[in-house]
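*Asks:* According to the numbering used here, the sequence shown is numbered sequentially starting from 6. Please see the structure below; I have some questions.
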Amino acid sequence: MNLKSSHATISPMDKDNKLYEVAYLISPAYSEEEAQNFQQSLKSHVQSLGGVIDNDGEVIKRRLFYPIGKMTEAHLASFRFLLSPEKISELKMKLNAKEVLRFLFVLTKRQPARTYRQRIARPMDGQEKIAGLEKIAAPVERKIKQTETAAPRVEEKAAHIEEIDKKLEEILGK
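So, in structure tokens, the structure goes:
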């Protein structure tokens, strides 16, 4: 699910508020437009409770892994918001509507922005760096050692077998 990355700024009054994420499934009997309207009404309810929307989510129709009340598809929606923990119960009552099949509240933490290091590739064989510019030198010819793979000599094997036979005869006493 793609979430838009618009983060709300936390004011000093919002220190007692916590960051939540809610995910819920809306019945497939409702159209996608009606599901989006329900999500907007839920967001406005959060704002009326004094919450701040942190990330807007999308409404996506998904196939369910297992049926819920004989339904195999549902509209999946989620968003993040800041809200006082005492007011979560009021929001749960709103989510107990008939169009919501399942919902889940998760207490989250804001993830710090990732910093990426730029990777610089090492020069390959045959390349030289000159004053910040890359100059490709003439390819270096490498001599490949040719190893001869001699076939095992049949004569040596035969002699070796004969020696073994003689030793066996000596041991057995023939």
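The beta-carbon is built from N, C-alpha and C at its ideal position, and this holds for glycine as well.
In chain order, which continuous runs of the beta strand (DSSP E) of length 3 or greater are located wholly inside the region 78–114?
*Replies:* Listed in chain order, the complete beta strand (DSSP E) runs (minimum 3 residues) inside the region 78–114 are 105–112.
*Asks:* For Ala173, which of helix, strand or coil comes out of DSSP?
*Replies:* The sequence shown places Leu at residue 173, rather than the Ala named in the question. Residue state, collapsed to three classes: helix.
*Asks:* Keeping to the same chain, check which residues put their C-beta closer than 6 Å to that of Arg67; ignore five residues upstream and five downstream.
*Replies:* Leu81.
*Asks:* Could you name the residues of the same chain whose beta carbon sits closer than 8 Å to that of Thr77, not counting the 5 residues immediately before and after it, in chain order?
*Replies:* Hits under 8 Å: Arg68 and Leu69.
*Asks:* In whole angstroms, what separates the C-alpha of Ser89 from that of Leu96?
*Replies:* Taking the straight line from one Cα to the other gives about 11 Å.
*Asks:* For the structure I just gave you, are there three or more beta carbon pairs, one from the region 98–111 and one from the region 56–65, closer than 8 Å?
*Replies:* No contact exists between the region 98–111 and the region 56–65.
*Asks:* State the DSSP-derived secondary structure class of Ala40, mapped to helix, strand or coil.
*Replies:* Helix.
*Asks:* Could you spell out the range, first to last residue, of the beta strand (DSSP E) harbouring Leu24?
*Replies:* Residues Lys23 to Ile31.
*Asks:* Rounded to the nearest angstrom, how far is the Cβ of Ile93 from that of Phe110, given a contact under 8 Å?
*Replies:* Right, the Cβ-Cβ distance comes to about 6 Å (below 8 Å), so this counts as a contact.
*Asks:* Using the beta-carbon count (16 or more within 10 Å), is Arg122 buried or exposed?
*Replies:* That one is exposed.
*Asks:* Using 8 Å as the threshold, is the C-beta distance between Tyr29 and Thr113 below it?
*Replies:* It is not a contact, given that the beta carbons lie outside the stated cut-off.
*Asks:* Going by beta carbon distance, what residues of the same chain come within less than 6 Å of Ala40, once the five residues before and after it are set aside?
*Replies:* Excluding residues within five positions, the ones whose Cβ falls inside 6 Å are Ile31, Val64 and His80.
*Asks:* Which stretch, first to last residue, makes up the beta strand (DSSP E) that contains Pro72?
*Replies:* Start and end: Val64 to Ile73.
*Asks:* Assuming Leu47 and Ile73 make a contact with CB atoms under 8 Å, what is their CB distance in whole Å?
*Replies:* Wrong, their Cβ atoms sit about 19 Å apart, outside the cutoff.
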